[in-house]
Amino acid sequence: MAAIYIEKKMHFEASHSLIDVNNPQNNEPRHSHLYSFTVRIKGGTDKGGMITNIRDVKRVLKKEIVDALNGRYLNDVFPEMNPTMENLAEFIYNSAKLIFPGVVRVQIWENEDSSAIYEEE
């Protein structure tokens with residue numbers, strides 16, 4: 001059975017420090033990334049042939065996620081969470097899912113070679 005998805009890619013710049021709970025000698029000092037993330041939404045199309053208007057997706061993701069994280073020190077934004085790619089993917093997924101119930105997958109890149117994916121199984 002075929003499925004239809006839309007994806008929207010967004011970007012933000014932020015800094016973080018990482019704590020290696022298994023080996024504290026590997027803790028990473030504060031550093032910055034230009035993050036990119038993609039939100040995938042699954043759904044049926046309306047009479048106009050859209051799952052949802054991609055401009056609305058962009059506007060909401062910017063307001064709810066990008067504006068909240070851009071230029072921030074992520075350890076201050078998430079004091080109870082180690083701001084790893086994996087945890088950020090889960091945060092973005094859960095935030096986007098509250099607004100767009102059809103969200104099924106989030107992928108976040110901290111550079112062009114490294115990403116984490118959070119998706120429904």
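FYI, in the UniProt record's numbering the residues of the sequence shown are 1 to 121. Every residue, glycine too, gets a C-beta built ideally from N, C-alpha and C. Bear in mind the structure is a predicted one, so any value in this text is a computation, not a measurement.
By DSSP, does V57 sit in helix, in strand, or in coil? In the sequence shown, counting from the first residue as 1, residue 57 sits at position 57. Reduced to three states, the DSSP call for V57 is helix.
For K9, count neighbouring C-beta atoms within 10 Å of its own C-beta (all shown protein chains included) and say buried if the count is 16 or more, exposed if not. Counted from its first residue, the sequence shown places residue 9 at position 9. K9 should be labelled exposed.
So for residue 199, helix, strand or coil by DSSP? Residue 199 falls outside the range modelled here, since the chain spans only 1 to 121, and no answer is possible.
On a Cα-Cα basis, can you pick out the residue from F91, T52, M81, V66 that is closest to F100? Taking the first residue of the sequence shown as position 1, residue 100 is located at position 100. Checked all of F91, T52, M81, V66; the closest Cα to F100 is T52.
At what residues does the alpha helix (DSSP H) containing E90 begin and finish? Position 90 of the sequence shown, counted from the first residue, corresponds to residue 90. Unbroken alpha helix (DSSP H) run through E90: 85 to 99.
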